[in-house]
Amino acid sequence: MFKKFDESENISSTNQLKSSVQRQIRNKIIEQMPEIEPFLADIWPKKENAKIIKCHDHIEILSISEECQFFKQRDGPWFPTIKLLHKYPCILPKQQVDRGAIKFVLSGANIMCPGLTSKGAKLDEDCKLNQVIALYAEDKTHALAIGLMKMTPQDIIKVNKGIGIETVHYLNDGLWHLRAVR
Numbered sequence: 001m002f003k004k005f006d007e008s009e010n011i012s013s014t015n016q017l018k019s020s021v022q023r024q025i026r027n028k029i030i031e032q033m034p035e036i037e038p039f040l041a042d043i044w045p046k047k048e049n050a051k052i053i054k055c056h057d058h059i060e061i062l063s064i065s066e067e068c069q070f071f072k073q074r075d076g077p078w079f080p081t082i083k084l085l086h087k088y089p090c091i092l093p094k095q096q097v098d099r100g101a102i103k104f105v106l107s108g109a110n111i112m113c114p115g116l117t118s119k120g121a122k123l124d125e126d127c128k129l130n131q132v133i134a135l136y137a138e139d140k141t142h143a144l145a146i147g148l149m150k151m152t153p154q155d156i157i158k159v160n161k162g163i164g165i166e167t168v169h170y171l172n173d174g175l176w177h178l179r180a181v182r
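Take 1 as the starting number for the sequence shown in full-length UniProt numbering and just add one per residue.
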């Protein structure tokens, strides 16, 4: 999604959000990621104005305090940015890939089932289909990507073929390099 994202070319407009729209987005984020609720007052103070940055391919980025915090595409789920995930690592369920998958994930590749079922990987079996997850790597402390479950963990173990997690945002992609938007 953000592999070739360039701030000067891909951003089409920036709009201040009305308080009613901010409330709707806040409620949607809490509904989707219940673990974020205790931290939401720090991430998004009630009196802080939020802006929506509209980009090509129907991508919307939510900017709070001139810092990009969340994004979504079309009517899809809200995703936190990796910078936000590094500050609050417990807001998303975790999946872990083996060491061999790191270079592929950092180049934007989707996560294949064998990378989630091999020796160094850890598959959280409580995740559901189309759930937003944080992707970690074996022996690494911080998340290296955010993805969307394309198969249930039970199917990943059973089939062990194909794309298990779609990579949406990863370290060093265009969104990672996006500077504060005023």
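Yeah, the Cβ is synthetic: ideal placement off N, Cα and C, and Gly gets one too.
For the options P93, P114, Q32, the alpha carbon positioned closest to that of G100 is the one of P114. Put simply, the backbone Cα of D139 is about 42 Å away from that of S19. Under the three-state reduction of DSSP output, A109 falls in the coil class, being neither helix nor strand. Collapsing the DSSP output to three states places K150 in coil. In this structure, DSSP gives E48 a state outside helix and strand, which the three-state scheme calls coil. For A134, there is no enclosing alpha helix (DSSP H); the enclosing beta strand (DSSP E) has its first and last residue at 132 to 137.
Bounds of the alpha helix (DSSP H) holding K87 are 82 to 87. Listed in chain order, the non-local C-beta contacts of L123 below 6 Å within the same chain comprise L116, P153, local neighbours out to five positions each way being set aside.
In this structure, I133 places its C-beta atom within 8 Å of the C-beta atom of I165.
At a Cβ-Cβ threshold of 8 Å, K128 and M151 do not count as neighbours. The C-alpha of A137 is placed about 17 Å away from the C-alpha of T81. Judged by their CB atoms, I29 and W78 are nearer to each other than the 8 Å cut-off.
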